[in-house]
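A short worksheet on the structure shown next.
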Amino acid sequence: LAAVNDIEMYYAVYGDGEPVLLLHGGLGNADYFANQIPDLVAAGYQAIALDSRGHGRSTFSEQQIGYHLMASDVMAMMDYLGIDKASIVGWSDGGIIGLDIAISNPERLNKVFAYGANYNPGGVNPEVGNSARFNEYIEMAAGDYTRLSPTPDQFETFLGNIGNMWATEPNFTPEELQGITVPVMVIDGLEEEAILIPHAEEMAGLIPGA
């Protein structure tokens, strides 16, 4: 754990080489990258998996969680680890954090791979709450939280905090996306539960060269 901003943040470092930060999705944790880490290390990268604030083994504070705050956590962790520039592989919320850094601090990034990310709340499928798969995921995440968190009895508080963020963020403007200079790959799944595919396509069209 590293003291980052007003929290204790979990990180795990694997391999040597150019650093790749692995940023999980909302309610997830670093363990969800277990299948990607060996491939990245085998390809000669240093894989660094993080638990975002309040997720997994990291703590959270009274502060409302937001994407820009979580992006500042990631940059503070880079400072802690002595990393000037890294690439980001971000899934869902992790992809949004990558986009936030690409907009506000592009000098810290090599590339961003954003899977299942959105740039405003309108990109979320209004039917996501009725998805059996997504609800199974939330149930699994609740179990993971109880098992890993330093505050295992606070899942409902944490979920409320994250739910506020999901309802109101992110709010990147088309102009901000058009101003991104970092190479970005935007990915979405054909059976994606949360993010509308046309939204992902629109975002890829706005980011130069994405």
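Counting in this note's numbering, the sequence shown runs from 6 upward without gaps. Ideal Cβ positions, reconstructed from N, Cα and C, are used throughout, including at glycine.
Ser-109 versus Val-191 - alpha carbon distance: As a first step, residue 109 is located in the sequence shown; it is residue number 104 there, counting from the start. As a first step, residue 191 is located in the sequence shown; it is residue number 186 there, counting from the start. Ser-109 and Val-191: Cα-Cα distance of roughly 18 Å.
Three-state secondary structure (DSSP) at Asn-115? Against the sequence shown, residue 115 aligns to sequence position 110. Look at Asn-115 here: in three-state DSSP terms it is strand.
Under three-state DSSP, which class holds Ile-53? Taking the first residue of the sequence shown as position 1, residue 53 is located at position 48. Strand.
In whole angstroms, give me the CA-to-CA distance for Leu-27 and Leu-55. For the purposes of this step, residue 27 is identified with residue 22 of the sequence shown, where counting begins at 1. For the purposes of this step, residue 55 is identified with residue 50 of the sequence shown, where counting begins at 1. Distance from the CA of Leu-27 to the CA of Leu-55, rounded to the nearest whole angstrom, comes to 6 Å.
Return yes when the Cβ of Gly-99 is within less than 7 Å of the Cβ of Gly-20, no when it is not. Here residue 20 refers to the residue found at position 15 when the sequence shown is read from its first residue. Here residue 99 refers to the residue found at position 94 when the sequence shown is read from its first residue. No Cβ-Cβ contact shorter than 7 Å links Gly-20 with Gly-99.
Could you check the C-alpha separation between Phe-163 and Gly-87 for me, to the nearest Å? The residue given as residue 163 occupies position 158 in the sequence shown. The residue given as residue 87 occupies position 82 in the sequence shown. If I take the Cα positions, the gap works out to 30 Å.
State whether the segment 73-93 contacts the segment 144-162, with contact taken as three or more CB pairs (one from each stretch) at a distance under 8 Å. Contact between the segment 73-93 and the segment 144-162 is absent: fewer than three C-beta pairs spanning the two stretches fall below 8 Å.
List, from N- to C-terminal side, the alpha helix (DSSP H) runs of 4 residues or more that fit wholly inside the segment 22-97. The qualifying runs are 42-47, 72-86.
Check whether the Cβ atoms of Phe-139 and Tyr-150 lie closer than 7 Å to each other. As a working note, residue 139 is residue 134 in the sequence shown. As a working note, residue 150 is residue 145 in the sequence shown. Going by C-beta atoms, Phe-139 is not nearer than 7 Å to Tyr-150.
Contacts around Ala-76, its chain only, beta-carbon distance under 6 Å, and the 5 residues preceding and following it disregarded: Residue numbering aside, residue 76 sits at position 71 when the sequence shown is read from its first letter. Same-chain partners within the cutoff: Ile-102, Asp-105, Ile-106.
Exposed or buried, which one is Ala-205 when buried takes at least 16 other CB atoms within 10 Å? Mapped onto the sequence shown, residue 205 falls at position 200. It counts as buried.
With distances taken from CA atoms, which of Met-145, Tyr-16, Pro-131, Gly-49 is nearest Leu-32? Position 27 of the sequence shown, counted from the first residue, corresponds to residue 32. Ranking the options by Cα distance to Leu-32, first place goes to Met-145.
Hey, Gly-61 and Tyr-15: beta-carbon distance below 7 Å or not? In the sequence shown, counting from the first residue as 1, residue 61 sits at position 56. In the sequence shown, counting from the first residue as 1, residue 15 sits at position 10. In contact: Gly-61 and Tyr-15 (Cβ atoms closer than 7 Å).
Ala-91 versus Leu-6: straight-line alpha-carbon distance, rounded: The residue you call residue 91 lines up with position 86 of the sequence shown. The residue you call residue 6 lines up with position 1 of the sequence shown. One alpha carbon belongs to Ala-91, the other to Leu-6, and they sit about 20 Å apart.
Measuring only the C-alpha atoms, how far is Leu-45 from Glu-23? As a working note, residue 45 is residue 40 in the sequence shown. As a working note, residue 23 is residue 18 in the sequence shown. Taken atom to atom, the span from the alpha-carbon of Leu-45 to that of Glu-23 is near 10 Å.
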